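Going by this note's numbering, the residue at position 429 of the sequence shown is 443; the numbering climbs one at a time, nothing skipped.
Don't be surprised by glycine CBs; every beta carbon is placed ideally from N, CA and C.
Bear in mind the structure is a predicted one, so any value in this text is a computation, not a measurement.
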Amino acid sequence: MKIFDQHQQDIAEKIESQAEIKQWKDWKWQIRHSIKTIEEFENLTGIHFDATEKEQLERTINRFPLSITPYYLSLINIENFRQDPVYKQAFLDSRELIVSPCEMKDPLAEEHDSPIPGITHRYPDRVLFLVSNVCAMYCRHCTRKRKVGDVDFIPSREQVKKGLDYIRNTPQVRDVLLSGGDPFMLSDDYLDWILTELQAIPHVQVIRIGTRTPVTLPYRITDDLVNMLKKHHPLWINTHFNHPREITASAKEALTKLADAGIPLGNQSVLLADVNDCPRIMKELVQQLVRNRVRPYYIYQCDLSEGLSHFRTPVTKGIEIMESLIGHTSGFAVPTYVIDAPGGGGKIPVMPHYIISWNTNKVILRNYEGVITSYQEPDHYEATICDRDCANCKLELDITGSDEINAVGIEKLLSDYDDTISLIPANNARLKRREGDSDE
């Protein structure tokens with residue numbers, strides 16, 4: 015696929031006459047011309063809804079806003095849009111108004127685990143830091159529909175400063191995940207400031223950024239952004255591809271820029287009914303991701319957010335997909351299937367069962383083919399007796415980096431901290447004669 019094909023040009027010219035590739039690939043132009051109304055969508059796609067459906071869609075947009083980048087809109091298969099995975103993730107569905115009794119505004123209890131606005135501190139050593147409420151596109155399956163695009167949830171600079179203060183004053187926090195919204199919707203300078211402040215905190219070891227811009231707005235991954243990010247290693251980026259059709263030439267170019275900058279990339283997919291709930295689709299997705307240097311990280315079971323019932327699959331569908339991946343493709347292409355526990359219990363891995371049975375000396379297992387085998391346990395394993403004095407442990411708890419000055423071989427001769435001047439093989443005849451002379 016060309017980065018600017020005739021279909022994209024037609025959309026661009028409908029938005030702005032004489033629009034060229036320069037405008038199309040400008041991420042700010044894309045945001046300025048995001049599709050926010052049903053009428054705009056109809057005009058740009060040629061898809062038209064009858065009066066009854068349009069009335070239902072208007073009711074939906076009054077509750078959950080619409081925003082689609084022209085780029086992502088251009089990926090919709092107009093000829094079969096009702097079955098198109100891009101359309102289903104981007105455009106309104108009146109079923110969003112159906113709220114089941116089990117669904118919640120905040121299914122993950124992020125507000126309850128929020129010591130201050132903008133910070134969710136659920137796990138002991140890491141926090142979620144919400145620095146933006148804006149995304150390039152409003153995904154219909156978003157778990158934070160309550161916040162994204164809501165003017166009441168725009169994180170101010172003062173709120174961000176308070177979040178930074180919380181992290182400074184909480185020494186157990188070693189890992190900070192920037193999310194929102196989408197942190198890449200901030201300006202380069204503002205994001206640079208946040209990253210600089212975080213890196214100046216001694217106990218912060220890792221910074222992660224969650225972004226869907228490589229999927230919905232790949233032109234946001236500019237050379238300027240990448241050069242800024244390169245200053246802040248170790249930095250990790252997780253993105254959110256749900257279907258192989260989202261991995262376009264433009265998306266690949268964005269991923270290449272990030273990977274070439276030395277930034278480890280991961281992907282978090284959401285299992286969505288009628289979008290990617292198919293073993294063949296998921297296998298193709300993870301294999302395309304690793305070809306583009308993106309490590310499949312999680313497959314999420316769809317959350318219990320309001321209006322998402324039509325997206326949710328049974329958990330057994332996720333198990334089926336994992337059965338189709340484990341053993342059937344490279345291990346590093348297999349994500350972890352998780353349920354983010356309602357009420358704030360965190361991510362719970364859900365996997366097929368591979369242990370069939372066990373006794374005191376054997377474990378019975380099966381593999382992906384159905385082969386059943388046994389593993390013999392050690393006969394004489396005795397655990398080290400721990401005295402629980404971790405600070406002064408002389409047993410196994412030596413977790414400091416190894417001392418590299420214990421050099422051997424040629425490195426030893428080259429070193430300036432060792433007096434050795436030569437290395438002599440043990441069976442050297444001259445050495446044996448010397449030893450014989452000394453014996454006499």
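- Contact between the segment 319-328 and the segment 113-129 is present, with at least three C-beta pairs closer than 8 Å.
- For Phe63, no alpha helix (DSSP H) segment is defined, and its DSSP state is neither H nor E.
- Nearest Cα to Glu298 within the set Thr253, Leu339, Glu383: Leu339.
- Residue pairing for Val190: DSSP places it in a beta bridge opposite Val141, Ile221.
- Counting only residues of its own chain and dropping the five nearest sequence neighbours on each side, Pro356 has a CB closer than 6 Å to the CB of Pro121, Leu318.
- Here Arg307 carries a coil assignment [DSSP, helix/strand/coil].
- Three or more Cβ pairs drawn from the segment 58-78 and the segment 91-99 lie within less than 8 Å of each other, which places the two stretches in contact.
- Only residues of its own chain outside the window of five on either side were considered, and among them Asp432, Thr434, Leu437 have a CB closer than 8 Å to the CB of Lys426, listed in chain order.
- Burial is judged here by how many other beta carbons sit within 10 angstroms of a residue's own beta carbon; Tyr382 has fewer than 16 and is exposed.
- The shortest CA-to-CA distance from Pro392 to any of Val385, Leu411, Asn375 is the one to Asn375.
- DSSP places Val229 in the helix class (H, G or I) of the three-state scheme.
- Counted as a single uninterrupted DSSP element, the alpha helix (DSSP H) harbouring Asp237 occupies residues 237-243.
- Note that the C-beta distance between Ile223 and Pro197 is below 8 Å.
- Collapsing the DSSP output to three states places Pro169 in coil.
- In this structure, the beta-carbon distance from Pro79 to Tyr180 does not fall below 8 Å.
- Closest in C-alpha terms to Lys39, from the list Pro439, Phe63, Thr51, Ser88, comes Ser88.
- In the displayed model, Gly345 falls within a helix according to three-state DSSP.
- Counting only residues of its own chain and dropping the five nearest sequence neighbours on each side, Leu303 has a CB closer than 6 Å to the CB of Asn281, Pro310.
- Relative to Leu192, the option among Glu410, Ser429, Ile25, Ile251 whose CA is nearest is Ile251.
- At least 8 Å separates the beta-carbon of Ile362 from that of Ile370.
- When rounded, the separation of the alpha-carbon atoms in Gln315 and Met365 is 12 Å.
- A Cβ-Cβ contact shorter than 8 Å links Val300 with Ala347.
- Its chain contains Lys102 as the residues whose beta carbon lies nearer than 7 Å to that of Asp288, once the 5 sequence neighbours on both sides are disregarded; these appear in chain order.
- Under DSSP, the beta-bridge partners assigned to Pro363 are Val352.
- By the neighbour-count criterion, in which 16 or more other beta carbons inside 10 Å mark a residue as buried, Trp41 falls on the buried side.
- The shortest CA-to-CA distance from Thr262 to any of Arg73, Arg448, Leu71, Val100 is the one to Val100.
- The three-state secondary structure of Ser264, taken from DSSP, is helix.
- Going by DSSP, Ile435 is part of no beta strand (DSSP E) at all; its letter is neither H nor E.
- One alpha carbon belongs to Gly341, the other to Glu72, and they sit about 47 Å apart.
- Distance from the Cα of Asn241 is smallest, within the candidate group Ile277, Ile215, Cys116, for Ile277.
- Taking Ser344 as reference, the option from Phe325, Tyr351, His367, Arg305 with the minimal CA-CA separation is Arg305.
- Of the residues assessed, Lys271 falls on the buried side of the cut-off, its CB having 16 or more other CB atoms within 10 angstroms.
- In this structure, Asp139 and Val187 form a Cβ contact; the two beta carbons are roughly 6 Å apart against a cut-off of 8 Å.
- Remark: C-beta atoms of Leu231 and Gln37 do not approach each other more closely than 8 Å.
- When DSSP reads this structure, Tyr312 sits in a beta bridge with Gln282, Thr350.
- Under DSSP, Ser371 shares a beta bridge with Ile378.
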